[in-house]
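See below for the structure under consideration.
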Amino acid sequence: MKLGVNIDHVATLRNARGGIEPSVLDAALICEMAGATAITVHLREDRRHIKDDDVLNLKKNLKAKINLEMAATDEMQKIALDVVPYSCCIVPEKRQELTTEGGLDVISKKDKIKELINALHSKGIIVSLFIDPDKNQVKAAADAGSDYIELHAGAFANAFGCEEQDVEFNKLKDAAEYARNLGLKVNAGHGLNYENVSLMNKIEGLCELNIGHSIVSRAIFVGLEMAVKEMIELI
Ligand code: PXP
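Numbering (numbering that gives the first Met the number 0), first residue to last: 0 to 234.
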């Protein structure tokens, strides 16, 4: 299982003072050096953390795969087709949310998402859809022609250590198995941390975990390189 590091919150910190520190590119290079196979950045409509120039700069200077998280909008489609990241992960986006709150509703937006996937595929960009561990959404993702799904692990993370943990874990496990049987490749992310991540090893066939908040938080105490290495050790 591989690790993609989401470095949005390096940009959050930089933007707090409006300057250039800490450098998003330097953070990405350290993650890459520490063994991350992908660097994920979410270019939000309101540009609250990652900015357009960050994406261009990463594309120019990184060897690691760039996974661009984005909403299914015309603006983001155009940017992705211009930049051509290794992969795009399509997420739902609400202006008011603190972070991506739920999975994408592929069922109700199937035609729009299918069009977006075709456009991204025309440039060789791999596509992942960020969805809840719900079999109907998994099926819709497969029907829409996605390469990957990323299972939203947030409900599992919130239930970790509580009564509902097993129920939420089994939802991820079952959805992953169902997806693999439909020919989808499966990633997972959101809310994963140094305590709960080991359980992801029990889900057969997960390709990659996308982790941001816990790694950037840990980096404050042990440095980014060590924070990434510790997470890789656990997965
Ligand atoms: N995957 C997706 C699709 C996300 O939207 C996020 C949050 O930006 C993550 C993974 C990483 O979540 P966390 O920051 O909780 O590790």
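Ideal Cβ placement from N, Cα and C applies to all residues, glycine included. What you are looking at is a predicted structure, and each value in this text was computed from that prediction instead of being measured.
Check	Outcome
Could you tell me which of ALA174, ALA152 and SER22 sits nearest to GLN164, measuring between CA atoms?	ALA152
I'd like to know whether the C-beta atoms of ILE124 and CYS87 end up nearer to each other than 8 Å.	yes
Flag GLU92 as yes when its Cβ comes closer than 7 Å to any non-hydrogen atom of ligand 1, and as no otherwise.	no
Heavy atom of ligand 1 less than 7 Å from the Cβ of PHE129, yes or no?	yes
For VAL9 and ALA26, which I take to be in contact (beta-carbon distance under 8 Å), what is that distance rounded to the nearest angstrom?	4 Å
Can you look up GLY3 in the DSSP assignment and give me helix, strand or coil?	strand
Name the DSSP beta bridge partners of CYS87, please?	LEU67 and VAL126
With distances taken from CA atoms, which of ARG43, GLY3, LYS59 and ILE38 is nearest MET69?	ARG43
Taking 7 Å as the line, does the beta carbon of GLY101 fall inside it for any heavy atom of ligand 1?	no
Tell me the residue span of the alpha helix (DSSP H) that contains LEU198.	Unbroken run through LEU198: none, as it is neither H nor E.
Mind checking which residues open and close the alpha helix (DSSP H) that includes CYS30?	23–33
As an exercise, report each continuous beta strand (DSSP E) stretch of at least 3 residues that is fully enclosed by the segment 144–201, in chain order.	147–151 and 184–188
Note down the Cα distance separating VAL23 from ASN209, rounded to an integer number of angstroms.	17 Å
Looking only at its chain, what residues have a beta carbon closer than 6 Å to the beta carbon of PHE155, apart from the 5 residues adjacent to it on each side?	GLU167, PHE168 and LEU171
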